[in-house]
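As given, the protein sequences belong to chains A and B, one line each in that order. As numbered in our numbering, residues 11 to 348 make up the first sequence, in order. As numbered in our numbering, residues 11 to 348 make up the second sequence, in order.
Protein chains: 2
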Amino acid sequence: MEPEKVRAPNIRDVARLAGVSYQTVSRVLNEHASIRESTKQRVLDAIDEIGYRPNQAARALVTSRSRTIGVLTAQNADYGPTTSVTAIEHAARDAGYRITITSIASNEYPSIKAALDQLQMQAVEAIVVIAPQVRVLEAIRELDITVPYITLQNADLGGDRSMSVDQVAGGRLATQHLIDLGHTEIMHLSGPQDWIEAEARMQGYLDALSDGDLRTRAPILGDWSAHFGYYAGLELLRFRDFTAMFAGNDQMALGFIHACWDSGLSVPGDMSVVGFDDIPEAAHFYPPLTTVRQNFPEIGRRAVSLLLTELQGGTATHDQIMPELVVRRSTTAPPRRS
Amino acid sequence: MEPEKVRAPNIRDVARLAGVSYQTVSRVLNEHASIRESTKQRVLDAIDEIGYRPNQAARALVTSRSRTIGVLTAQNADYGPTTSVTAIEHAARDAGYRITITSIASNEYPSIKAALDQLQMQAVEAIVVIAPQVRVLEAIRELDITVPYITLQNADLGGDRSMSVDQVAGGRLATQHLIDLGHTEIMHLSGPQDWIEAEARMQGYLDALSDGDLRTRAPILGDWSAHFGYYAGLELLRFRDFTAMFAGNDQMALGFIHACWDSGLSVPGDMSVVGFDDIPEAAHFYPPLTTVRQNFPEIGRRAVSLLLTELQGGTATHDQIMPELVVRRSTTAPPRRS
DNA sequence: GACCGGAATGTGAACGTACACAAGCAACGA
DNA sequence: TCGTTGCTTGTGTACGTTCACATTCCGGTC
Numbered sequence: 011m012e013p014e015k016v017r018a019p020n021i022r023d024v025a026r027l028a029g030v031s032y033q034t035v036s037r038v039l040n041e042h043a044s045i046r047e048s049t050k051q052r053v054l055d056a057i058d059e060i061g062y063r064p065n066q067a068a069r070a071l072v073t074s075r076s077r078t079i080g081v082l083t084a085q086n087a088d089y090g091p092t093t094s095v096t097a098i099e100h101a102a103r104d105a106g107y108r109i110t111i112t113s114i115a116s117n118e119y120p121s122i123k124a125a126l127d128q129l130q131m132q133a134v135e136a137i138v139v140i141a142p143q144v145r146v147l148e149a150i151r152e153l154d155i156t157v158p159y160i161t162l163q164n165a166d167l168g169g170d171r172s173m174s175v176d177q178v179a180g181g182r183l184a185t186q187h188l189i190d191l192g193h194t195e196i197m198h199l200s201g202p203q204d205w206i207e208a209e210a211r212m213q214g215y216l217d218a219l220s221d222g223d224l225r226t227r228a229p230i231l232g233d234w235s236a237h238f239g240y241y242a243g244l245e246l247l248r249f250r251d252f253t254a255m256f257a258g259n260d261q262m263a264l265g266f267i268h269a270c271w272d273s274g275l276s277v278p279g280d281m282s283v284v285g286f287d288d289i290p291e292a293a294h295f296y297p298p299l300t301t302v303r304q305n306f307p308e309i310g311r312r313a314v315s316l317l318l319t320e321l322q323g324g325t326a327t328h329d330q331i332m333p334e335l336v337v338r339r340s341t342t343a344p345p346r347r348s
Numbered sequence: 011m012e013p014e015k016v017r018a019p020n021i022r023d024v025a026r027l028a029g030v031s032y033q034t035v036s037r038v039l040n041e042h043a044s045i046r047e048s049t050k051q052r053v054l055d056a057i058d059e060i061g062y063r064p065n066q067a068a069r070a071l072v073t074s075r076s077r078t079i080g081v082l083t084a085q086n087a088d089y090g091p092t093t094s095v096t097a098i099e100h101a102a103r104d105a106g107y108r109i110t111i112t113s114i115a116s117n118e119y120p121s122i123k124a125a126l127d128q129l130q131m132q133a134v135e136a137i138v139v140i141a142p143q144v145r146v147l148e149a150i151r152e153l154d155i156t157v158p159y160i161t162l163q164n165a166d167l168g169g170d171r172s173m174s175v176d177q178v179a180g181g182r183l184a185t186q187h188l189i190d191l192g193h194t195e196i197m198h199l200s201g202p203q204d205w206i207e208a209e210a211r212m213q214g215y216l217d218a219l220s221d222g223d224l225r226t227r228a229p230i231l232g233d234w235s236a237h238f239g240y241y242a243g244l245e246l247l248r249f250r251d252f253t254a255m256f257a258g259n260d261q262m263a264l265g266f267i268h269a270c271w272d273s274g275l276s277v278p279g280d281m282s283v284v285g286f287d288d289i290p291e292a293a294h295f296y297p298p299l300t301t302v303r304q305n306f307p308e309i310g311r312r313a314v315s316l317l318l319t320e321l322q323g324g325t326a327t328h329d330q331i332m333p334e335l336v337v338r339r340s341t342t343a344p345p346r347r348s
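Written out as structure tokens, the structure is:
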């Protein structure tokens, strides 16, 4: 009950115990080349005995390298972003980096600025931006971040600082699949207007429709949630003037399917539905969902890899990952007109 | 193309510009009481003009306070933990703290130790543990962490260092609901053996059954995934000797429902199903899922609040949050025996 | 008018590490 | 034998900040 505020052991304590100079200890810690094996061992033993841990703050101060990668996220807990964060954490750790996370409280400029300020104050060496709103990207460009950064959003809009799955291609893939099945009246339930991915998927949808000379319909702007998919579905299904739905993500697809059943429509008999993301649950929806798979872990890994390359002075090519159509049972040919 | 390695402005640069001593600047930054309003303003202006940012590393070095809370997570991207992390981040930020995240690569001791080492090297002032495996908790106790920490797992097993939803009560709630509907043959699809929450929910299930003098069945140990729920379901349903299923989480419930349909059983007509967590999608399953809701954000907030209290020398009471049953359409009275 | 006390500001450390440079030591060839 | 070389180790200093202490300033009081 009297911890007596004991100072943590430092490099000099280790040196004293090992009978060497503090600099020798430093060399051992940094794996300097020319250190006699015996002294190195002696130092390591001393470190072990005394329970020494390098002080990151002191290191960061003198090297002005924090060995930290900042991650800027939105406040949501979606499967995709979260999976990417985990991958980022792993990749960073393997490279000897740590990650620190900041989420933006709202979509407003001050909030975005505050988050970036916080990351910069922590002297992060690089930043991964997962907040997928257009406004965030604008803010970032405006604030001229001095460290390498990368956004996990679509390349066209993110400029050359993005690393992502090609969302436009994904939107095309989904829509083309429906067209190939024979659908001509295809609806799109999009994400919010401000979202880069939503826009890109919508673009893919529009591209595919126009390539197929099909009627373009104004997409519904949703909020990614199953709830929205459900209520929008109830509304849309009052007029059954379409036979297929491309939902901007799996959650909205789920909600929409729910609405279909509630409206007495069978999926896929009366209505084909395609989602986006391929969350693990999608294979067990009723019916199992046809969707577009994104390789989220891969995105995270590649993002870190690119940033590390830049940190080492290299030039990184910011390429895109192609999404993949996963056909399950929620899509089929349109019902024959009677 | 020639950045010329310019040093970031420091406290002395600000002082020079404002015509005061560096200590005065420091006082302004730390909101010291006796600073004349006019000088304070002058310093703030200088800070603004020169674009000064306090160097966290230097601060941490001299104060030996990192103002960082470490979060130890498992490698998965589940809805619950993720939601809590976001809440933690918010709560921490509001209190002037940052968070850094480390995930354990595997469930083995070395991996757990490495993760905790990393957090300690970063000199985190407190730790939130979300990795819910029993072994992680054991490792933590063994490694005698010197900073306050808290686990978001069940209190009984986590000792007095936990802050969680009462999982046993949740398990009881779910099971009792089925009993109240008239079910007597109730199956439980549990989480993995090593998981604290899985064990607690199972305990709640067993308690409720024994209170109701009902036959106890050996729970199936799953892995939380919808896939497992599906395949286990297909297997279990070969013998239709039960009329209700309490699944350890919503994902497994979803997979199990999928198996029901595939086996020609109707939910809830032939089989009632209860989940756990109330993920946002649960309301849109087919049928909408009866489940036990956990207030994940609240857990995260309270955890941070407790840690901060301890950091300020106070004594914190580690209480529990009660879960809540959400009745939807996946449960009903058992089919009448013919 | 000198003195006093509190408010406001300034000066010298110290935190723990890495870098630049210097110095010791052995082995080697001339 | 001695200078040279390369490996190994040691000494001073700087990083940017806060803390403890010292000093100055100012208005009020006797």
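In this text, a Cβ means the ideal position worked out from N, Cα and C, and glycines have one as well.
- Contacts with chain B (Cβ-Cβ distance below 8 angstroms) from the stretch 262-274 of chain A involve L264, G265, I267, H268, W271, listed in chain order.
- Our two residues, A/P64 and A/S44, have alpha carbons roughly 21 angstroms apart in a direct line.
- Within the stretch 244-297 of chain A, the runs of alpha helix (DSSP H) at least 4 residues long that lie entirely inside it are, in chain order, 260-272.
- Ranked by how close their Cα comes to the Cα of A/E334, the residues A/S36, A/T327, A/Q128, A/G180 have A/G180 in first place.
- Here the alpha carbon of B/I196 sits roughly 24 angstroms from the alpha carbon of A/E291.
- Under the DSSP definition of a beta bridge, A/T300 partners with A/V284.
- For B/M131, the three-state secondary structure derived from DSSP is helix.
- Just measuring C-alpha positions, the residue of A/A136, A/R311, A/T226 sitting nearest A/R75 is A/A136.
- In this structure, A/Q213 lies away from A/V157, with their beta-carbon atoms at least 9 angstroms apart.
- DSSP lists no beta-bridge partner residue for B/M173.
- Taking 9 angstroms as the upper bound on Cβ-Cβ separation, chain B lies near residues R63, P64, N65, Q66 of the stretch 37-66 of chain A.
- Fewer than three beta-carbon pairs drawn from the stretch 25-34 of chain B and the stretch 215-225 of chain A are found closer than 8 angstroms, and the two stretches are therefore not classed as touching.
- For B/Q132, the nearest CB of chain A lies under 9 angstroms from its own CB, placing it at the interface with that chain.
- Rounded to the nearest angstrom, the Cβ distance from A/I267 to A/V283 is 6 angstroms, consistent with a contact under 8 angstroms.
- Closest option to A/Y89, judged by alpha-carbon separation, among A/Q330, A/R182, A/P307: A/P307.
- Leaving aside the five residues that flank B/Q186 on each side, the residues in its chain whose CB is nearer than 7 angstroms to its CB run, in chain order, A218.
- In this structure B/Q85 does not touch A/T92 by the C-beta definition: roughly 11 angstroms separates them, more than the 8 angstroms allowed.
- A residue is called buried when at least 16 other Cβ atoms come within 10 angstroms of its Cβ; A/D287 meets this threshold and is buried.
- Within 10 angstroms of the beta-carbon of B/E209 lie 16 or more other beta-carbons, which makes it buried.
- Shown here, A/A136 sits in a strand according to DSSP, grouped into three states.
- Taking a beta-carbon distance threshold of 9 angstroms, A/T300 does not count as an interface residue toward chain B.
- The continuous alpha helix (DSSP H) containing A/M212 extends over residues 206-221.
- Taking a C-beta cut-off of 9 angstroms against chain A, the contacting residues of the stretch 229-246 of chain B are S235, A236, H237, G239, Y240, listed in chain order.
- Interface annotation, B/P344: not in contact with chain A, CB-CB separation never under 9 angstroms.
- Per DSSP, the continuous beta strand (DSSP E) segment holding A/G80 begins and ends at 78-83.
- Proximity of the stretch 111-122 of chain A to the stretch 137-148 of chain A meets the contact definition, three or more beta-carbon pairs being nearer than 8 angstroms.
- In summary, B/R22 is exposed, with fewer than 16 beta-carbon neighbours lying within 10 Å of its beta-carbon over all protein chains present.
- In this model, A/F295 and A/T301 are separated by some 11 angstroms (Cα to Cα).
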